[in-house]
Amino acid sequence: MIIKSIKLFNFRNHTEYSLDCQDETSLILGENGSGKTSVLEAIYILTRGKSFRATDPEIIKRGTEYYRIELEYTNGEIYTATYDGVTKTFLIMDKKSRRLPKKNKYPVVLFQPSDLNLISHSPSRRRDYFDRIFSQFDEKYNESLLKYEKSLKQRNELLKSDNITKEAIFSWNILLAKYGTDLFTYRQKFIQEINSRLTDIYRSIAENDDEIEIIYKSDVASSNDNQYLNILESNYQKDLYLGHTSFGVHRDDYIFKFNGKPADGSASRGESRSIILALKFIEADLVYQKLSKKPIILLDDVFSELDESRRKCLVKNFKDNQVIITSVEDIKDK
Ligand SMILES: Nc1ncnc2c1ncn2[C@@H]1O[C@H](COP(=O)(O)OP(=O)(O)OP(=O)(O)O)[C@@H](O)[C@H]1O
Ligand SMILES: [Mg+2]
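Printed below as a string of structure tokens:
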């Protein structure tokens, strides 16, 4: 699908804003704080269901009572979302719903300047990053993740409460073992798929013969949920003392390796950028392979962060996608 236009009402600093999109590349130019990222945020809400950076109360224009966004695809379908301070309502071709229905989601690859520092970010930022990618690859991953997070929250609350029993914890252990094992298995598989392309794509960007690999690091050692359950059970006293769950996939990490060494510390700034660029290309490619849909590419202010050869790679790689770019400086001639 191709976006024809996006309209914003009382959304962040925009009272009323409208953008007609090109089938290929659209450029949103504006000074810092003019509301460029907000336009991408609105597109993201109407394609993925929720913002990539905030909750709805933070988004309503200060001093107003509601926001409304409207996205039209070139096939004539119109999607709107309205939030009145309490309830968010999606209206898709006369059908109302509280969430964006799965069948109405459309894949998006978002590229933000902070992604360029992924290699040196905290493990939790890396987990969030890959969770977002994997959830888009596979709806089942998304479901397992939501259920895992909910169970983990309940178990941790119980560990801190006064009326805890080993029996009460057991039911949460079962759910954590089940969904945790699912996530472990998916993460292993997806990272393997990414790795099988990473070095080749990296070399095509950086034009050298470095080796790149992502190591999926987990305390979980096997895809056997009984083993997972046994560890949770045997950690009962320890977790009770700590007041949280010390074992599980919520502690996973992804380590980038550059010629066999941790990239954080050995790869240069430019090399790190090429690795992330390669990762974005693979993400878009795998989305297309798995969902048979060309993702919409949202490039938030990344052009100014890249040198000329990497900009060229970016443009060339996404020439068959609809691309929406924000920038502070005019990049048309670059
Ligand atoms: N709820 C809100 N109500 C009104 N204004 C808001 C709200 N939330 C954010 N803003 C303001 O809206 C403006 C637009 O933010 P946005 O992040 O979209 O800008 P931007 O053009 O991407 O800026 P930059 O170039 O710095 O990334 C900012 O000045 C921000 O402070
Ligand atoms: Mg911005």
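Just so you know, we're using this note's numbering here: the sequence shown kicks off at 1352 and counts up by one.
Cβ coordinates follow ideal geometry from the N, Cα and C atoms, glycine included.
All values derive from a computational prediction rather than experimental measurement.
Sequence-distant residues of its chain with Cβ nearer than 6 Å to residue i (five each side left out)
| i | result |
| --- | --- |
| Ser1623 | Ile1470 |
| Trp1523 | Ser1502, Gln1505, Arg1506 |
| Ile1676 | Leu1378, Leu1650 |
| Glu1392 | Ser1402 |
| Ile1647 | Val1459, Gln1673 |
| Glu1423 | Lys1355, Ser1356, Ile1429 |
| Leu1526 | Ser1502 |
| Phe1462 | Lys1631, Leu1650, Val1653 |
| Leu1451 | Gly1400, Phe1441 |
| Ile1484 | Glu1634 |
Residue i - partner residues in DSSP beta bridges
| i | result |
| --- | --- |
| Val1460 | Ile1648 |
| Asp1604 | Lys1568 |
| Thr1440 | Thr1433 |
| Ser1522 | Beta-bridge pairing links Ser1522 to no other residue. |
| Pro1450 | The sequence given here has Arg at residue 1450, not Pro. DSSP output for Arg1450 lists no bridge partner at all. |
| Thr1677 | Ile1379, Asp1651 |
| Phe1360 | Glu1367, Arg1419 |
| Ile1682 | Beta-bridge pairing links Ile1682 to no other residue. |
| Ile1354 | Tyr1424 |
CA-to-CA distance, residue j to residue i, given in whole angstroms
| i | j | result |
| --- | --- | --- |
| Lys1663 | Ile1682 | 12 Å |
| Arg1538 | Tyr1567 | 8 Å |
| Asp1671 | Arg1449 | 33 Å |
| Asp1407 | Gln1373 | 28 Å |
| Tyr1457 | Gly1386 | 23 Å |
| Asn1468 | Glu1518 | 43 Å |
| Asp1603 | Ser1369 | 41 Å |
| Glu1375 | Ile1582 | 51 Å |
| Leu1509 | Ile1515 | 6 Å |
| Ile1545 | Lys1446 | 37 Å |
| Gly1384 | Arg1419 | 20 Å |
| Thr1425 | Ile1626 | 34 Å |
| Ser1512 | Ile1520 | 11 Å |
| Ile1443 | Ser1389 | 21 Å |
| Val1600 | Asn1586 | 15 Å |
| Phe1598 | Thr1532 | 12 Å |
| Ser1660 | Asp1371 | 29 Å |
| Ala1432 | Lys1358 | 11 Å |
| Pro1613 | Ser1619 | 12 Å |
Neighbourhood of residue i by C-beta distance below 7 Å, restricted to the same chain and skipping five residues each side
| i | result |
| --- | --- |
| Thr1415 | Asn1361 |
| Thr1709 | A query on residue 1709 cannot be resolved here, the shown segment of the chain reaching from 1352 to 1685 and no further. |
| Arg1548 | Ile1633 |
| Glu1564 | Asn1546, Leu1549, Lys1608 |
| Leu1380 | Ser1678, Asp1681 |
| Lys1645 | Tyr1639, Asp1671, Asn1672 |
| Pro1474 | Asp1604 |
| Leu1580 | Asn1524, Ile1525, Ala1528 |
| Ile1411 | Asn1361, Tyr1417, Tyr1418, Tyr1434, Gly1436 |
Below-8 Å beta-carbon distance, residue i vs any chain C residue
| i | result |
| --- | --- |
| Gly1611 | Within the model displayed, chain C is absent; a lone protein chain is all it includes. |
Contacts around residue i, its chain only, beta-carbon distance under 8 Å, and the 5 residues preceding and following it disregarded
| i | result |
| --- | --- |
| Asp1576 | Ala1528, Lys1529, Gly1531, Thr1532 |
Checklist entry - Counting only runs that start and end within the region 1363-1401, where is the beta strand (DSSP E) found for 3 or more residues in a row? => result Complete beta strand (DSSP E) runs here, min 3: 1365-1371, 1376-1380.
Item to check | Inside the region 1580-1636 only - beta strand (DSSP E) runs reaching at least 3 residues | outcome: Taking 3 residues as the minimum length, the beta strand (DSSP E) runs contained wholly in the region 1580-1636 are 1604-1609, in order along the chain.
Item to check | Distance cut 5 Å, beta-carbon to ligand 1 heavy atom: residue list by chain order | outcome: This selection yields Arg1363, Asn1364, Asn1383, Gly1384, Ser1385, Gly1386, Lys1387, Thr1388, Ser1389, Lys1412, Arg1413.
Checklist entry - In chain order, which continuous runs of the alpha helix (DSSP H) of length 4 or greater are located wholly inside the region 1480-1513? => result Here the runs fully enclosed are 1490-1511.
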